[in-house]
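Colleague: Sharing a structure below in structure tokens format, with a few things to ask.
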Amino acid sequence: MTIAASEQISVRLNERGISVARGTTLRELRRAHKPDADVIIRNGFPHRDDVPLEEGDEVVLIRRGEVPSPEEMESLMTARHGPGVHAKVKVARVGIAGCGGLGSALAVALARTGVGALLLVDFDVVEPSNLNRQQYFVDQIGMEKVRAMAANLARINPYVRVETRNARLTRGNIADIFVGCNAVAECFDDPAAKRDMTLAVREGLPRTPLVTVSGIAGHGPAGQIRARRVFKNVFLVGDNENAAQPGRGLLAPRVVVAAGLQANLILRLLLGEIGQDDNE
Amino acid sequence: MEIKLNGETREVDAETTIARLLEQLGIQPNNLAVEHNGEFLEEDALEHTMVRAGDRLEVVRFVGGG
């Protein structure tokens, strides 16, 4: 006795579930859904040949250089990040004080995560010596950092709203500049400025969580860079020991580890996963 | 007398200022954020503020690099 195969099979096309007639080939799928696609990926592998689809296949149809629409970007984020995550991050606004090694890497991580808005503040320009650890490119040397980073973020995720301020932050202006942010990151170089930012945010924006950084220089074990709460609504990332100094400079690996810890902490704060008394 | 420093219980001498305590602990007196019983102190207040039994002190000394 044979059981008739069903007429339709289920496949996923560009992250959406669809039903197609059994026997439909890759190229027929393309013709029906995205005739201008010039790259066909099936189950993770690019295909030049034409093969029939099988139940459960995951197909991605791409036109080279095409920017995903807002709806496509939204569904990519939602599929990748799990239920509820994207809905929360896309309405959040995060302030980044300083766009050097930490701030530039943090901005990239948060833009890729789909945060709704980023406020970038720095007074500096891109210099050749920055390139060992900061997320800029050789053709951006001499550009204002906030402008260079805004340009980079537009190419990473054009749907993040990027606001820039080319300004020097002081204890006097920090609260005014970062008002309205759901979280703020301290990404300065100078330790006195780190201290000033902590006091300014605690005094002027007491309900805004702040993630500061202290101790990320050199190439000692990166596992010593930790994230923990230090004051109410203030978290510290770093080993709190390794100051940048001659003979122990800042290198990309530890800087990126610290920025990643900042990004993850901020993501957890935006998702409400850190309680009032939680340490991390 | 006992105080809490960065979450840990510590024995300290009576009649100590916060500045003196930090010196005893080997913490350099710059780039400091000091929270004393929930309130942040300016750096010039550290020399005048006495530590009392049961005080809660949170101290972070920032180092450079970013």
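In order, the protein sequences belong to chains A and B. Taken in order, the first sequence gives residues 19 to 298; the numbers are from my numbering. Taken in order, the second sequence gives residues -3 to 62; the numbers are from my numbering. The C-beta atom is built at its ideal place from N, Cα and C for all residues, glycine as well. Please read all numbers here as calculations on a predicted model, not as lab measurements.
#1: If you count every other CB in all the chains shown that lies within 10 Å of the CB of A/P227, and 16 or more means buried, which is it?
#2: Cβ of A/N61 within 9 Å of Cβ of B/V59?
#3: Spatial neighbours of A/R306 within its chain, please: CB distance less than 6 Å, with the 5 preceding and 5 following residues excluded, ordered by chain position.
#4: Bridge partners for A/D140 per DSSP, in chain order?
#5: Look up A/M95 in the DSSP assignment and say whether it is helix, strand or coil.
#6: In the DSSP output, which residue or residues are listed as bridge partners for B/H32?
#7: Below 9 Å between beta carbons: does that hold for B/T12 and B/Q24?
#8: List the endpoints of the continuous beta strand (DSSP E) containing A/F4.
#9: What is the C-beta distance between A/A281 and A/A127, in whole angstroms, given that I count them as a contact (C-beta under 8 Å)?
#10: A/G256 to A/L171, Cα distance in whole Å?
#11: Are the beta-carbon atoms of A/I174 and A/A129 separated by less than 9 Å?
#12: Run through the stretch 50 to 122 of chain A for me and flag every whole alpha helix (DSSP H) of 4 or more residues, listed as ranges in chain order.
#13: Indicate the three-state DSSP secondary structure (helix, strand or coil) for A/F196 in the structure shown.
#14: Based on the DSSP output, what are the partners of A/G35 in its beta bridges?
#15: Using DSSP's beta-bridge definition, name the partner residues of A/F253.
#16: Assuming A/E221 is part of the beta strand (DSSP E), what are its boundary residues?
#17: For a quick check, are the C-beta atoms of A/G83 and A/A110 less than 9 Å apart?
#18: Are A/E192 and A/A210 closer than 9 Å when you measure CB to CB?
#19: On a CA-only basis, which of A/D142, A/E76, A/P53 is nearest A/P64? Give me that one, please.
#20: With B/R6 as the anchor, note down where its alpha helix (DSSP H) starts and where it stops.
#21: Tell me where the beta strand (DSSP E) around B/L42 begins and ends.
#22: Which whole-angstrom value describes the C-beta separation of A/C205 and A/V231, a residue pair presumed to lie in contact below a C-beta threshold of 8 Å?
#23: Indicate the three-state DSSP secondary structure (helix, strand or coil) for A/A276 in the structure shown.
#24: Who are the near neighbours of B/E7 in its chain, counting only those whose CB is closer than 7 Å to its CB and skipping five residues on each side?
#25: Nearest by alpha-carbon distance to A/S24: which of A/G41, A/V275, A/G265 is it?
#26: Would you kindly work out how many angstroms separate the C-alpha atoms of A/Y177 and A/K106, rounded to a whole number?
#27: Once DSSP output is grouped into helix, strand and coil, what is the label at B/V59?
#28: Return the residues of the stretch 13 to 44 of chain B that lie within a Cβ-Cβ distance of less than 7 Å from chain A, sorted by chain order.
#29: Rounded to the nearest angstrom, what separates A/R189 and A/I114 at their Cα positions?
#30: Kindly indicate the opening and closing residues of the alpha helix (DSSP H) around A/L171.
#31: Between which two residues does the alpha helix (DSSP H) containing B/L17 stretch?
#32: Rounded to whole angstroms, what is the Cα-Cα separation between A/A235 and A/L268?
#33: Counting only the same chain and skipping the five closest in sequence on each side, list residues whose C-beta sits under 6 Å from that of B/R16.
#34: Is the stretch 134 to 144 of chain A touching the stretch 115 to 126 of chain A, taking contact as three or more C-beta pairs under 8 Å?
#35: Measuring CB atoms only, is the stretch 151 to 158 of chain A touching the stretch 261 to 280 of chain A, in the sense that at least three cross pairs come out at less than 8 Å?
#36: Would you mind telling me which residues of chain B sit closer than 8 Å to A/I59, beta carbon to beta carbon, in chain order?
Modeller: A quick look at the data gives this:
#1: Under the 10 Å beta carbon count, A/P227 is surrounded by 16 or more other beta carbons and is classified as buried.
#2: Contact flag unset, no.
#3: There is simply no residue 306 of chain A to check, as chain A begins at 19 and stops at 298 in what is shown.
#4: Beta-bridge pairing links A/D140 to A/N184.
#5: Helix.
#6: Residue pairing from DSSP places B/H32 in a beta bridge opposite B/E35, B/L53.
#7: Not in contact: B/T12 and B/Q24 (Cβ atoms no closer than 9 Å).
#8: Residue 4 of chain A lies beyond the range of chain A shown here (19 to 298); nothing can be said about it.
#9: Approximately 4 Å separates the beta-carbon atoms of A/A281 and A/A127; this is inside 8 Å, confirming the contact.
#10: Taking C-alpha positions only, A/G256 is separated from A/L171 by approximately 25 Å.
#11: Closer than 9 Å, so yes.
#12: The DSSP assignment places 88 to 99, 103 to 107 as complete runs of the alpha helix (DSSP H) inside the stretch 50 to 122 of chain A, in order along the chain (cut-off: 4 residues).
#13: When DSSP states are grouped into helix, strand and coil, A/F196 belongs to the helix group.
#14: In DSSP, A/G35 forms a bridge with A/R30.
#15: DSSP output for A/F253 lists A/V229, A/R247 as bridge partner(s).
#16: Residue range 209 to 222 is occupied by the alpha helix (DSSP H) that includes A/E221, with no beta strand (DSSP E) assigned at that position.
#17: In this structure, A/A110 does not lie closer than 9 Å to A/G83 by Cβ.
#18: Checking the sequence shown, residue 192 of chain A turns out to be Ile, not Glu. When the beta-carbon positions are compared, A/I192 and A/A210 stay at least 9 Å from each other.
#19: When each option's Cα is compared against that of A/P64, the closest is A/E76.
#20: Run containing B/R6: none in the alpha helix (DSSP H); it sits in the beta strand (DSSP E), 4 to 7.
#21: Where B/L42 is concerned, there is no enclosing beta strand (DSSP E), given that its DSSP letter is neither H nor E.
#22: Taking a contact as a CB-CB distance under 8 Å, the pair A/C205 and A/V231 counts as one, their CB atoms being some 7 Å apart.
#23: A/A276 carries a helical assignment under DSSP once its states are collapsed to helix, strand and coil.
#24: In chain order, E(-2) place their CB closer than 7 Å to the CB of B/E7, counting only its own chain and leaving out the 5 sequence neighbours on each side.
#25: When only C-alpha atoms are compared, the closest one is A/G41.
#26: Each residue's alpha carbon lies about 15 Å from the other.
#27: B/V59 falls in the coil class under three-state DSSP.
#28: Taking 7 Å as the Cβ-Cβ cut-off, the stretch 13 to 44 of chain B approaches chain A at N27, L28, A29, E31, F36, given in chain order.
#29: If you take the alpha carbons of A/R189 and A/I114, they lie about 15 Å apart.
#30: A/L171 -> alpha helix (DSSP H) spans 163 to 174.
#31: It spans 14 to 20 - the alpha helix (DSSP H) in which B/L17 sits, taken as one unbroken run.
#32: Counting only the Cα atoms, A/L268 lies some 5 Å from A/A235.
#33: If we look at B/R16 and ignore the five residues flanking it on each side, it has no Cβ neighbours.
#34: By the Cβ test, the stretch 134 to 144 of chain A is in contact with the stretch 115 to 126 of chain A, since at least three Cβ pairs between them sit closer than 8 Å.
#35: Yes, the stretch 151 to 158 of chain A is in contact with the stretch 261 to 280 of chain A.
#36: The premise fails here: A/I59 is roughly 39 Å from chain B at the closest Cβ pair, so nothing lies under 8 Å.
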